[in-house]
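Chains as they are written, first to last, in the numbering used here: chain A, 1 to 112; chain B, 1001 to 1170.
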């Protein structure tokens, strides 16, 4: 079981990175790379560091796992013997990321 | 008058950012609204030579291999990831720059060479207009670009590359 300190450290890194990107005007990058919804980002952007610290110490992770399960399985299968992941496997991970849980095609068509 | 001047400064600033990344003249003209002659002149100032001329490659022409199809698919994923819902509707010049810069960061500048900014603009425009499509693979979960005019089959490039790597003959 992870110690409360581990959770706090992970939260602190995540939240301060999100806040830093937001303050730099890199909201879209934060959304894509960190998976943080834009609405949450605009709140975190305005939070003082003391509040970030309090949130980090909440005891539970403030972010979730984003890698698509089929992609994770493919990654695990290819690297199970300890061999390094290939370039195309890394690209596959990038091509499978969802943002805000929604993927769309042009003209609002939703993808399954 | 001041508003027009400020708008023009913004257009020139944007054109400069695009030209520094070697975007060709016609897409830079479409994205900034500046005359092509002015963009060509800007390009010569920045790079000391004229921009490449000729037609802009289509997605079909660009997707000559599975690896290229994979890279194009990653670029589109990054653009849509950054641009959100608007990403599927129109090409935003600033978002194009941001997403291409991030694409280079994520897969490496050398790996990204095959999908330069002009190619990125072209594939994005064709995706938005429905010329190419972006299904998601049921086996690996990745979304990939397909088009009727490409040399590669309309299936998942990531699974194809994985199978190729796993094949004992390779």
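The beta-carbon is built from N, C-alpha and C at its ideal position, and this holds for glycine as well.
Please name the residue, chosen from the options, that lies closest to residue i on a Cα-to-Cα basis.
| i | options | result |
| --- | --- | --- |
| residue 953 of chain B | A/12, A/32, A/4 | No answer is possible for residue 953 of chain B: the residues shown for chain B start at 1001 and end at 1170. |
| residue 1139 of chain B | B/1156, B/1165, B/1091, B/1129 | B/1156 |
| residue 23 of chain A | A/10, A/87, A/53, A/38 | A/38 |
| residue 68 of chain A | A/30, A/93, A/62, A/41 | A/93 |
| residue 53 of chain A | A/97, A/14, A/95, A/96 | A/14 |
| residue 7 of chain A | A/62, A/70, A/49 | A/62 |
| residue 34 of chain A | B/1060, B/1132, B/1082 | B/1082 |
| residue 26 of chain A | A/45, A/9, A/83, A/87 | A/45 |
| residue 1016 of chain B | B/1004, B/1041, B/1006 | B/1041 |
| residue 1032 of chain B | B/1072, B/1096, B/1060, B/1048 | B/1096 |
| residue 1035 of chain B | B/1113, B/1087, B/1012 | B/1012 |
| residue 1135 of chain B | B/1119, B/1026, B/1064, B/1077 | B/1077 |
| residue 1116 of chain B | B/1106, B/1022, B/1043 | B/1022 |
| residue 1024 of chain B | B/1141, B/1133, B/1120 | B/1120 |
| residue 1072 of chain B | B/1048, B/1122, B/1009, B/1020 | B/1122 |
| residue 1114 of chain B | B/1148, B/1057, B/1046, B/1008 | B/1057 |
| residue 41 of chain A | A/9, A/86, A/96, A/28 | A/28 |
| residue 1150 of chain B | B/1166, B/1063, B/1107 | B/1063 |
| residue 55 of chain A | A/12, A/3, A/4 | A/12 |
| residue 16 of chain A | A/36, A/3, A/86 | A/36 |
Look up residue i in the DSSP assignment and give the residues it is bridged to.
| i | result |
| --- | --- |
| residue 1136 of chain B | B/1143 |
Would residue i be called buried (16 or more neighbouring beta carbons within 10 Å of its own) or exposed?
| i | result |
| --- | --- |
| residue 57 of chain A | exposed |
| residue 109 of chain A | Note that residue 109 of chain A has pLDDT 43, beneath the 50 cutoff, so the model's placement of it is unreliable and no number is given. |
| residue 1126 of chain B | buried |
| residue 60 of chain A | exposed |
| residue 1068 of chain B | buried |
| residue 1129 of chain B | exposed |
| residue 1152 of chain B | buried |
| residue 1055 of chain B | exposed |
| residue 65 of chain A | exposed |
| residue 1018 of chain B | buried |
| residue 43 of chain A | exposed |
| residue 992 of chain B | Not covered by the structure: residue 992 of chain B. The range shown for chain B is 1001 to 1170. |
| residue 102 of chain A | At residue 102 of chain A the pLDDT is 42, less than 50, meaning the model places this residue with poor confidence; the figure from the coordinates comes in the next sentence. Label assigned to residue 102 of chain A: exposed. |
| residue 1066 of chain B | buried |
| residue 1162 of chain B | buried |
| residue 18 of chain A | buried |
| residue 1004 of chain B | exposed |
| residue 79 of chain A | exposed |
| residue 1100 of chain B | buried |
| residue 48 of chain A | exposed |
| residue 1093 of chain B | buried |
| residue 1047 of chain B | exposed |
| residue 1165 of chain B | exposed |
Please confirm whether any heavy atom of the ligand NAP lies closer than 7 angstroms to the CB of residue i.
| i | result |
| --- | --- |
| residue 91 of chain A | Summarising the ligand content, the structure contains no ligands, and the ligand NAP is consequently not present. |
Q | 3 or more residues per run - each beta strand (DSSP E) lying fully within the stretch 35-89 of chain A | A | none
So if I threshold CB-CB distances at 7 angstroms, which residues from the stretch 1144-1161 of chain B count as touching chain A? 1144, 1158, 1161
Segments of 3+ residues assigned as beta strand (DSSP E) that fall wholly inside the stretch 1056-1106 of chain B = none
- prompt: Of the residues that make up the stretch 1083-1107 of chain B, which ones have a beta carbon closer than 9 angstroms to any beta carbon in chain A?
  reply: 1083, 1084, 1085, 1087, 1088, 1089, 1095, 1098, 1099, 1102, 1103, 1106, 1107
- For the stretch 1049-1069 of chain B, which residues have a beta carbon sitting closer than 9 angstroms to at least one beta carbon of chain A? 1066, 1067
* May I ask you to list, following chain order, the residues of the stretch 16-34 of chain A that have a beta carbon less than 9 angstroms from some beta carbon of chain B? => 26, 28, 29, 31, 32, 33
Exercise. Report the residues of the stretch 1117-1139 of chain B with a CB closer than 9 angstroms to any CB of chain A, ordered along the chain.
Key: 1127, 1128, 1129, 1130, 1133, 1134, 1135, 1136, 1137, 1138, 1139
Residues of the stretch 37-56 of chain A with Cβ closer than 8 angstroms to any Cβ of chain B, in chain order: 38
Ignoring anything shorter than 4 residues or poking outside the stretch 1008-1059 of chain B, list the alpha helix (DSSP H) runs there in chain order. 1025-1032, 1036-1047
Which residues, in chain order, does the stretch 85-99 of chain A contribute to contact with chain B at a C-beta distance below 9 angstroms?
86, 87, 88, 89, 90, 91, 92, 93, 94, 95, 96, 97, 98, 99
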